[in-house]
Every structure is written in C-alpha cells, then in structure tokens.
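First residue of the sequence shown: 793, per this note's numbering; consecutive thereafter.
Virtual Cβ for every residue (Gly too), placed ideally from N, Cα, C.
If you're wondering where the values come from, they're calculated on a predicted model, not measured in any experiment.
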Amino acid sequence: SHCAGSAVAVRILRALEGDDKNAVAHFVAGGSIPPAKPVKRNIWRTVPLFAWKAMLKKAGAPFVALEKEQVGDVYARYLLDTDLYFDTFAMQCNKLHCPVSLLMSKEDVFTKKYDSATMIWERYFSKVHSVRYIAADTHYFQSENSEETAEFLLSVFE
C-alpha cells in the first residue's frame, strides 16, 4: 500500500485477522507512516487548495493538466482519503499479527522527518520486518525507482 492507502489496507488486515490470525503473511507499506501521535481530526482539512497543490508539487506529484473543476474533485477525494487515514490510526486496536516492511524515499517531504518510523509502526504491528530507504527525492518514488522497489519486494517475500 502507498501513503493514505495504507489506512485502507490496515482496515482490511484488521478484518481478515479478526477471522484468522494467520490470514496475512506480510504487509508492505510504501511512503507511509502513521501519525507520530493519534490525531482526532484531519490536519489536511485546514490546508487551503493552493497550499495543498504546492505541497503535492513539492512532493513530486505527477500533475497533469486538469480542468479547474477537476482539481476541486481531486482535492475533495484527497480529503476523504486522508480522513480515513487519520481515523484508522486514531483507533485503539490490538496489534496486527503479520509483520510489516517499510519502503520510503530518503527525501520524501511527507516521511523524511520520521526517524522513528519503525517505532511508530510497531504500535500497530507485532514486528517491523525490514525498512528500506530509496535514494529518491519524491513521494511518488515507485515508478521512478521500479527496479529498486521490485528488489525490495522480492527480498521481503523470499
């Protein structure tokens, strides 16, 4: 899973493990770290549209030419996705039994200040199996660094 999509995956994992503790063998999160402290509200809802666009551009978002109305639709979808992200990681739940491996960019504006990424993920998973930082300067590093991403995934599942 990547970024806020990790929240969807974590919710699915919780549902699967509710029925069978061995349902999932391993989870990989890319470009994502739960909030350092549980947050009850979506901090992105305080960011105006122009600042959101600037932040995503700085993060390396692959912007394409969008009509003005489309930008608003994308922003609204982003807010819904990040609502789910903050809600998921604010829940008090048992740790997931499967291990997690983390793949992040060294210069990702969203994750580079999280020196404690392993400790934060350990609040939600029984074990952090491995962490790999890719030498990239963007949040959207998988496509630009597909070979290194693939190597990491293969190493996790060997």
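Query	Result
So, using beta-carbon positions, are residue 823 and residue 896 closer together than 8 Å?	yes
For residue 799, count the other beta carbons within 10 Å of its own beta carbon; 16 or more makes it buried, fewer makes it exposed. Which is it?	buried
How is residue 853 classed by DSSP in three states: helix, strand or coil?	coil
Counting pairs of Cβ atoms below 8 Å between the region 872-885 and the region 833-851, do you hit three or more?	yes
From this set, 889, 899, 923, which residue's C-alpha is nearest residue 814's C-alpha?	889
Got a sec: does the ligand FAD put a non-hydrogen atom nearer than 7 Å to the Cβ of residue 884?	No copy of the ligand FAD appears in this structure; indeed no ligand is present at all.
Whose CA, out of 874, 930, 867, lies closest to the CA of residue 843?	867
Measuring CA to CA, which of 893, 930, 946 is closest to residue 848?	930
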